[in-house]
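Quick notes on the structure that follows.
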Amino acid sequence: MQISTLSALECTKLLTANRVGHLACAKDGQPYVVPFHYAHSDAHLYAFSMPGKKIEWMRSNPLVSVQVDEHGQGRGWRSVIVDGRYEELPDRIGHKLQRDHAWSVLSKHTDWWEPGALKPVTPPAADNAPHVFFRILIEQVSGREASE
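Residue numbers for the sequence shown follow the working numbering, so the first one is 213 and each next one is one higher.
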């Protein structure tokens, strides 16, 4: 196996081509990793979730990491790691443009809402829906690939 480093452009292409990653957050020194669905756009990973452990932990500590991978031929693979910052997009003045952009980016993909358990109403309204829209600001990205 030969291991090589992916360029920033190759990392961006892999993030854009995929929809599922592993989101890592931490609270009180304890790490927590969960799969999550996302959409990549303009140096952010956009997602939404029902309230729960990951949202509580990211509110407490906004520093997160995301891992996205692809399996290649044979034993080959490509993997990207994003170090970033959780940014909640509440349905409030000052966040409307970012929240609408998140909605737009996510809704380009078929059944984008299914992993969140309940389809958000159109337009999104936090006052009567439990959904939490958020984005991960990509502060650093790196990647590697293995080929035979």
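Glycine residues also receive a C-beta, built at the ideal position from the N, C-alpha and C atoms.
This one's a predicted model, so the numbers in the text were calculated from it and none came from an experiment.
Check: residue i C-beta below 7 angstroms from any heavy atom of the ligand COA
i: Tyr298; result: The ligand content of the structure shown is nil, which means the ligand COA is not present either.
Proximity winner among the options, relative to residue i (alpha-carbon distances)
i: Val317; options: Thr224, Lys239, Asp254; result: Asp254
i: Arg271; options: Glu222, Cys237, Gln352; result: Cys237
i: His365; options: Gly284, Ala220, Phe345; result: Residue numbering for the chain in the displayed model covers 213 to 360; residue 365 lies beyond these limits and cannot be assessed.
i: Glu351; options: His313, His343, Trp315, Tyr298; result: Tyr298
i: Val294; options: Ser219, Thr217, Cys223; result: Cys223
i: Val292; options: Val276, Gly241, Val280, Gly286; result: Val280
i: Ser277; options: Pro243, Leu221, Met213; result: Pro243
i: Leu275; options: Gly241, Ser261, Phe260; result: Gly241
i: Met213; options: Ala220, Gly288, Ala229, Trp269; result: Gly288
Cβ-based burial, residue i [other Cβ within 10 Å; buried from 16]
i: Arg311; result: buried
i: Ala396; result: Residue coverage of the chain in this structure runs from 213 to 360, which leaves residue 396 outside it and unanswerable.
i: Leu227; result: buried
i: His283; result: exposed
i: Val232; result: exposed
i: Leu257; result: buried
i: Gly355; result: buried
i: Arg290; result: buried
i: Ala259; result: buried
Supposed contact pair residue j and residue i - C-beta distance, whole angstroms, cut 8 angstroms
i: Ile215; j: Ala358; result: 5 angstroms
i: Leu349; j: Gly296; result: 5 angstroms
i: Gly286; j: Glu360; result: 5 angstroms
Own chain, CB closer than 6 angstroms to residue i, minus 5 neighbours either side, in chain order
i: Val245; result: His234, Ala236
i: Val353; result: Cys223, Val294
i: Asn230; result: Val280
i: Lys320; result: none
Cβ-based neighbour list, residue i, same chain, cut-off 7 angstroms, excluding 5 preceding and 5 following
i: Leu301; result: His307, Gln310, Arg311, Ala314, Phe345, Phe346, Arg347
Other residues of its chain near residue i: CB distance less than 8 angstroms, five sequence neighbours each side excluded
i: Ser261; result: Phe248, Ile267, Gly328, His343, Val344, Phe346
i: Asn273; result: Cys237, Ala238, Lys239
Within the stretch 271-309, ranges of the beta strand (DSSP E) (whole runs, at least 3 residues): Listed in chain order, they are 275-283, 289-300.
Secondary structure, alpha helix (DSSP H): runs of 4+ residues fully inside the stretch 221-254: Counting only runs of 4 or more, we get nothing.
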